[in-house]
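Beneath this line is the structure, given in structure tokens, with notes to follow.
Numbering (this note's numbering), first residue to last: 1 to 303.
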């Protein structure tokens, strides 16, 4: 296992954010993230047997953006690449298992149609044509409107999703053909030697903002489901970080400064949790969202 760029949670001083010009902070953060992805791409290019990059991470880690940036860098280096989302393999809504409280369990490994995934992967590995699904979250059903997909000898499939590193995947794709990546914020922010913003709170901020902006989901609903999300991560996602060949810290050190302005405006009717998050951001200076580069991973959340 290559195991490049793999590390535990690190700490970053809020005071340090105040000592650098905003433009330099942004440039540093963007370059740091891009360099991590590029290092992985260069490693993959050296491994001729790798035809599947399995990219996993908990909610609001930046899986979607990371997979597409990886695809672009592979293409730039002459390696054809396609992205497959495990979300498209969700069971039909009526088949999705329920949690004990009656809510649909969309976060566990049991929410995926592994039979269909097996069929599609077998077809790709056998150099046959696969008809990949597209999941409609409004209808809670799959459709098959994608063009037929094949896996050529010079191509890489990037499979991204919560459960892409779950060992169940090994039943469908031989490990010798895979390269495993775990993406997640890994940086906590400290002020006066006290952690004021941990990685879970950072991801919750991302999700609150994205849910309101792209899905019309009120903060109260996001917070209601967050407990289920976190419990499922502890069971089905975080334990498999150790399986990764490489870990990407998707924290952008300036992002709390951006979220401070958004949270205070979007969520005027503050819940106790949102107010707690805002209190944690007191020591951060505001950076306007318009300063986030158009190519940034943060655009996945702030638009």
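In this text, a Cβ means the ideal position worked out from N, Cα and C, and glycines have one as well.
Proximal residues to residue i (C-beta, below 8 Å), its chain only, five neighbours per side dropped
{"i": "residue 209", "result": "259, 262, 263, 266, 301 and 302"}
{"i": "residue 28", "result": "20 and 253"}
{"i": "residue 148", "result": "129, 130 and 131"}
{"i": "residue 82", "result": "71, 149, 155, 156, 157 and 158"}
Sequence-distant residues of its chain with Cβ nearer than 7 Å to residue i (five each side left out)
{"i": "residue 287", "result": "22, 254, 257 and 258"}
{"i": "residue 273", "result": "223"}
{"i": "residue 85", "result": "160 and 161"}
{"i": "residue 117", "result": "89 and 172"}
{"i": "residue 73", "result": "37, 38 and 41"}
{"i": "residue 114", "result": "168"}
{"i": "residue 69", "result": "37"}
{"i": "residue 2", "result": "Only weak support is given to the placement of residue 2: the predicted model assigns it a pLDDT of 48, under 50, and the question is left unresolved by the model."}
{"i": "residue 192", "result": "none"}
{"i": "residue 279", "result": "none"}
{"i": "residue 242", "result": "none"}
{"i": "residue 67", "result": "55, 83, 158 and 160"}
Reference residue i; option with closest CA among the options
{"i": "residue 296", "options": "102, 19, 62 and 117", "result": "62"}
{"i": "residue 236", "options": "60, 167 and 121", "result": "167"}
{"i": "residue 176", "options": "48, 17 and 29", "result": "48"}
{"i": "residue 298", "options": "30, 189, 37 and 11", "result": "30"}
{"i": "residue 157", "options": "110, 230, 206 and 121", "result": "121"}
{"i": "residue 71", "options": "143, 45, 228 and 144", "result": "45"}
{"i": "residue 65", "options": "77, 134, 33 and 199", "result": "33"}
{"i": "residue 248", "options": "192, 56, 135 and 292", "result": "56"}
{"i": "residue 163", "options": "246, 181 and 251", "result": "181"}
{"i": "residue 230", "options": "219, 200, 98 and 241", "result": "200"}
{"i": "residue 95", "options": "142, 226 and 276", "result": "142"}
{"i": "residue 174", "options": "26, 137, 146 and 53", "result": "53"}
{"i": "residue 291", "options": "25, 8 and 218", "result": "25"}
{"i": "residue 202", "options": "289, 51, 101 and 281", "result": "281"}
{"i": "residue 99", "options": "225, 276, 277 and 241", "result": "225"}
{"i": "residue 178", "options": "91, 50, 219 and 238", "result": "50"}
{"i": "residue 275", "options": "219, 240, 238 and 239", "result": "219"}
{"i": "residue 277", "options": "289, 204 and 87", "result": "204"}
Cβ shell of residue i (< 6 Å), same chain only, five flanking positions each side left out
{"i": "residue 123", "result": "130"}
{"i": "residue 93", "result": "140"}
{"i": "residue 155", "result": "80"}
{"i": "residue 195", "result": "188"}
{"i": "residue 97", "result": "105 and 110"}
{"i": "residue 233", "result": "58"}
{"i": "residue 198", "result": "188"}
Which of helix, strand or coil DSSP assigns to residue i
{"i": "residue 103", "result": "coil"}
{"i": "residue 249", "result": "strand"}
{"i": "residue 193", "result": "coil"}
{"i": "residue 237", "result": "coil"}
{"i": "residue 83", "result": "strand"}
{"i": "residue 242", "result": "helix"}
{"i": "residue 134", "result": "strand"}
{"i": "residue 143", "result": "strand"}
{"i": "residue 89", "result": "helix"}
{"i": "residue 155", "result": "strand"}
{"i": "residue 288", "result": "coil"}
{"i": "residue 1", "result": "For residue 1, the predicted structure reports a pLDDT of 42, less than 50, and the residue's modelled location is therefore unreliable. A value from the coordinates is still provided. In the structure shown, residue 1 sits in coil (DSSP, three-state: anything other than H, G, I, E or B)."}
{"i": "residue 112", "result": "strand"}
{"i": "residue 39", "result": "helix"}
{"i": "residue 218", "result": "coil"}
{"i": "residue 150", "result": "coil"}
{"i": "residue 77", "result": "coil"}
{"i": "residue 258", "result": "helix"}
{"i": "residue 211", "result": "helix"}
{"i": "residue 129", "result": "coil"}
{"i": "residue 65", "result": "helix"}
Residue i - partner residues in DSSP beta bridges
{"i": "residue 56", "result": "182"}
{"i": "residue 10", "result": "187"}
{"i": "residue 169", "result": "Beta-bridge pairing links residue 169 to no other residue."}
{"i": "residue 98", "result": "104"}
{"i": "residue 160", "result": "55 and 85"}
beta-carbon residue i near the ligand MG non-hydrogen atom, thresh 8 Å
{"i": "residue 227", "result": "Ligands in the displayed structure: none, and consequently the ligand MG is not present."}
Distance between beta carbons of residue j and residue i, contact taken as under 8 Å
{"i": "residue 165", "j": "residue 244", "result": "6 Å"}
{"i": "residue 11", "j": "residue 190", "result": "5 Å"}
{"i": "residue 105", "j": "residue 111", "result": "6 Å"}
{"i": "residue 17", "j": "residue 285", "result": "7 Å"}
{"i": "residue 206", "j": "residue 60", "result": "4 Å"}
{"i": "residue 126", "j": "residue 228", "result": "Not confirmed; about 38 Å, so no contact."}
{"i": "residue 283", "j": "residue 14", "result": "5 Å"}
{"i": "residue 293", "j": "residue 251", "result": "Wrong, their Cβ atoms sit about 16 Å apart, outside the cutoff."}
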